[in-house]
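Trainee: Quick one: structure below, then a few questions.
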Amino acid sequence: MEAWEKSLQNCVTSPEELSGLFRLQGAPLAEVTTRFPMRITPYYLGLIEEPGDPIWRQCVPDRAELDDLSQSPDPLDEERLSPVPGLIHRYPDRVVWIVSTSCAVYCRFCMRKRGVGCSGMEAAPVDEAVAYIASHPQIRDVILSGGDPLLLPDHRLDAILTALRRIPHVEVVRIGTRAPVTLPERVTPELARMLKRHHPLYVNTHFNHPREITPQSAKALALLADAGIPLGNQTVLLKGVNDDPEVMRLLMHRLLLHRVRPYYIHQMDLVQGTAHFRTRLEKGIAVMAALRGHTSGLAVPHYVIDLPGGKGKVDASSGRLHPDGKTFLFTNYLGEEIGYTDPT
């Protein structure tokens with residue numbers, strides 16, 4: 283058994299375990315974890331300095347998750363946009379392939395909170411996904427997502443990448459993973475060598491706070507970068523975690539130091555159970571203002587909103603305020619005008 287697999291076996295998965303470590307009452311959290319499961323690796327748990335800190339907020343259940351009933355479990359309409367279960371075809375030339383339904387840590391703000399770690403969510407069958415992609419020559423870009431693709435064993439991930447490389451019109455493959463953040467021991471020299479065989483391959487990581495960049499995560503990033511894999515990072519703007527210009531600037535600087543290009547800052551998706559993480563658009567715009575011109579362009583990602591209804595990503599600063607004073611109107615890539623309601 284690999285070291286990372288042993289780490290997964292030792293994850294904290296129950297409020298009772300957590301309460302024993304931090305002298306908390308586990309009972310109030312049990313109701314939350316019945317609906318939205320908990321999983322925290324020993325490594326990521328070790329980054330917590332005190333209850334309520336930025337690491338804690340990302341991984342420890344909160345009763346507020348059950349108080350947010352106004353939003354949809356699937357606001358991006360991923361299930362409607364899945365011609366094959368687990369294969370999302372939103373944009374003409376690219377698809378998102380859910381290859382895993384598990385993560386090393388179940389983030390409390392997850393966009394797929396409805397299914398990750400739950401029995402109701404399934405990965406797309408390999409044969410069906412490959413057949414769909416092969417039969418649609420307009421698809422040139424495939425994003426492997428989940429869950430976390432790097433929770434698959436090397437041989438299964440290798441088989442998926444090999445199948446994609448046999449499709450002539452697939453030009454680029456991307457992997458979205460939080461493993462360097464939450465389970466850095468998963469990135470082994472063997473994994474890096476295997477991935478290197480499938481270029482052009484890109485990896486997008488998901489660091490949200492400077493304290494997540496540690497010697498262990500830096501080693502994982504170095505293994506991937508040394509394999510010639512371009513690294514990007516997608517950060518989610520989270521209340522109480524990184525909605526501070528100085529915190530965000532430090533994160534971007536540390537990412538670049540480890541050869542990771544800041545790619546996106548995401549406005550929180552309107553996912554049921556995540557309202558306590560949402561910030562107003564003006565907060566994100568202020569964060570961007572603190573980056574642009576005050577640091578190098580390399581350190582300035584795109585600030586985006588993934589519009590509800592599966593309407594695609596837009597520049598978060600491009601909206602105009604509706605006369606109602608609460609809704610912002612954005613024009614998507616199809617020329618459609620879509621409304622987005624700012625948190626109150």
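Throughout, my numbering is defined as the position within the sequence shown, counted from one, plus 282. C-beta atoms are modelled at their ideal positions from N, C-alpha and C, and glycine is treated no differently.
#1: Could you check whether Val-378 and Ser-427 sit closer than 8 Å to each other, using their CB atoms as the reference points?
#2: List the residues that DSSP assigns as beta-bridge partners of Ile-421.
#3: Kindly indicate the opening and closing residues of the beta strand (DSSP E) around Thr-623.
#4: Between Val-314 and Asp-344, how many whole angstroms is the CB-CB distance? I'm expecting something under 8 Å.
#5: Take Val-586 and list the residues in its own chain whose beta-carbon comes closer than 8 Å to its own, dropping the five residues that flank it on each side.
#6: Pick out whichever of Ile-495, Gly-601, Leu-533 and Pro-583 has its Cα sitting closest to the Cα of Glu-564.
#7: Between Leu-460 and Asp-436, is the Cβ-Cβ spacing less than 8 Å?
#8: Nearest CA to the CA of Ala-312: which residue from Thr-323, Pro-324 and Pro-297?
#9: Taking only runs that begin and end inside the stretch 506-564, name each unbroken alpha helix (DSSP H) of 4 or more residues, in chain order.
#10: CB-CB under 6 Å to Ala-445, same chain, minus the five flanking residues each way: which ones, in chain order?
#11: Contact check, Cys-293 vs Arg-339 under 8 Å by CB: the rounded distance?
#12: With a Cβ-Cβ cutoff of 8 Å, do Pro-633 and Val-529 count as a contact?
#13: Taking 8 Å as the cut-off, does the stretch 325-333 touch the stretch 349-367 (at least 3 CB pairs, one atom from each stretch)?
#14: Once you ignore the five residues that flank Arg-422 on each side, which residues in its own chain have a CB closer than 8 Å to its CB?
#15: Among Met-403, Leu-539, Gly-607 and Pro-590, whose alpha-carbon lies nearest the alpha-carbon of Gln-353?
#16: Along the chain, where does the alpha helix (DSSP H) containing Val-586 start, and where does it finish?
#17: What does the Cβ neighbour count give for His-604, buried or exposed, with the cut at 16 atoms within 10 Å?
#18: From the DSSP secondary-structure annotation, give me the bridge partner or partners of Trp-379.
#19: Can you tell me whether Tyr-615 is buried or exposed, with buried defined as 16 or more other CB within 10 angstroms of its CB?
#20: How about the stretch 469-486 and the stretch 500-520: do they share at least three Cβ pairs that are nearer than 8 Å?
#21: Measuring only the C-alpha atoms, how far is Ser-578 from Pro-544?
#22: Are the beta-carbon atoms belonging to Leu-432 and Ala-474 less than 8 Å from one another?
#23: How big is the Cα-Cα spacing for Ile-620 and Gly-592?
#24: Check each candidate in Leu-537, Glu-332 and Pro-471 and name the one with the smallest Cα separation from Ala-285.
#25: When the Cα atoms are used, what is the spatial distance from Glu-410 to Ile-442?
Mentor: Considering the structure as presented:
#1: Counting from 1 along the sequence shown, the entry for residue 427 is found at position 145. Counting from 1 along the sequence shown, the entry for residue 378 is found at position 96. Against a cut-off of 8 Å, the Cβ pair of Val-378 and Ser-427 comes out as a contact.
#2: Translated into the one-based positions of the sequence shown, residue 421 becomes position 139. Per DSSP, none; premise fails for Ile-421.
#3: Looking up residue 623 in the sequence shown gives position 341. In the DSSP annotation of this structure, the continuous segment of the beta strand (DSSP E) that includes Thr-623 starts and ends at 619-623.
#4: Numbered from 1 along the sequence shown, position 32 holds the residue referred to as residue 314. Numbered from 1 along the sequence shown, position 62 holds the residue referred to as residue 344. At roughly 7 Å, the Cβ-Cβ gap stays under 8 Å, so Val-314 and Asp-344 are in contact.
#5: If you number the sequence shown from 1, residue 586 lands on position 304. Hits under 8 Å: Tyr-546, Ile-547, His-548, Gln-549, Lys-595, Val-596, Asp-597 and Ala-598.
#6: Counting from one through the sequence shown, the residue named residue 564 turns up at place 282. Among Ile-495, Gly-601, Leu-533 and Pro-583, the Cα nearest to that of Glu-564 belongs to Gly-601.
#7: Working through the sequence shown from its first residue, we reach residue 460 at position 178. Working through the sequence shown from its first residue, we reach residue 436 at position 154. One detail in the question is off: residue 460 reads as Arg in this sequence, not Leu. Taking 8 Å as the Cβ cut-off, Arg-460 and Asp-436 do not qualify as a contacting pair.
#8: Residue 312 sits at position 30 when you count from the first residue of the sequence shown. Ranking Thr-323, Pro-324 and Pro-297 by Cα distance to Ala-312 puts Pro-297 first.
#9: 527-539
#10: If you number the sequence shown from 1, residue 445 lands on position 163. In its chain, beyond the 5 residues on either side, Val-412 have a beta carbon closer than 6 Å to the beta carbon of Ala-445.
#11: Reading the sequence shown from its first residue, position 11 is the one you call residue 293. Reading the sequence shown from its first residue, position 57 is the one you call residue 339. Contact flag wrong, Cβ pair sits at about 18 Å.
#12: Because the chain is modelled from 283 through 626, residue 633 falls outside the range shown and cannot be assessed.
#13: no
#14: Against the sequence shown, residue 422 aligns to sequence position 140. If we look at Arg-422 and ignore the five residues flanking it on each side, its Cβ neighbours are Asp-375, Arg-376, His-451, Val-452, Glu-453 and Val-454.
#15: In the sequence shown, residue 353 corresponds to position 71, counting from 1. Nearest C-alpha to Gln-353: Pro-590.
#16: Along the sequence shown, read from residue 1 onward, the residue named residue 586 stands at position 304. Run containing Val-586: none in the alpha helix (DSSP H); it sits in the beta strand (DSSP E), 584-589.
#17: Position 322 of the sequence shown, counted from the start, is the residue given in the question as residue 604. When all chains shown are included, His-604 counts as exposed.
#18: If you number the sequence shown from 1, residue 379 lands on position 97. BP columns for Trp-379 point to Leu-369 and Leu-426.
#19: Working through the sequence shown from its first residue, we reach residue 615 at position 333. Exposure of Tyr-615 is indicated by the presence of fewer than 16 other C-beta atoms within 10 angstroms of its C-beta.
#20: yes
#21: Working through the sequence shown from its first residue, we reach residue 578 at position 296. Working through the sequence shown from its first residue, we reach residue 544 at position 262. When rounded, the distance between both Cα atoms is 11 Å.
#22: Numbered from 1 along the sequence shown, position 150 holds the residue referred to as residue 432. Numbered from 1 along the sequence shown, position 192 holds the residue referred to as residue 474. Against a cut-off of 8 Å, the Cβ pair of Ala-474 and Leu-432 comes out as no contact.
#23: The sequence position of residue 620 within the sequence shown is 338, counting from 1. The sequence position of residue 592 within the sequence shown is 310, counting from 1. Answer to the nearest angstrom: the Cα atoms are 11 Å apart.
#24: As a first step, residue 285 must be located in the sequence shown, where it is residue number 3. Closest option to Ala-285, Cα to Cα, is Pro-471.
#25: Here residue 410 refers to the residue found at position 128 of the sequence shown. Here residue 442 refers to the residue found at position 160 of the sequence shown. Going from the Cα of Glu-410 to the Cα of Ile-442 covers about 12 Å.
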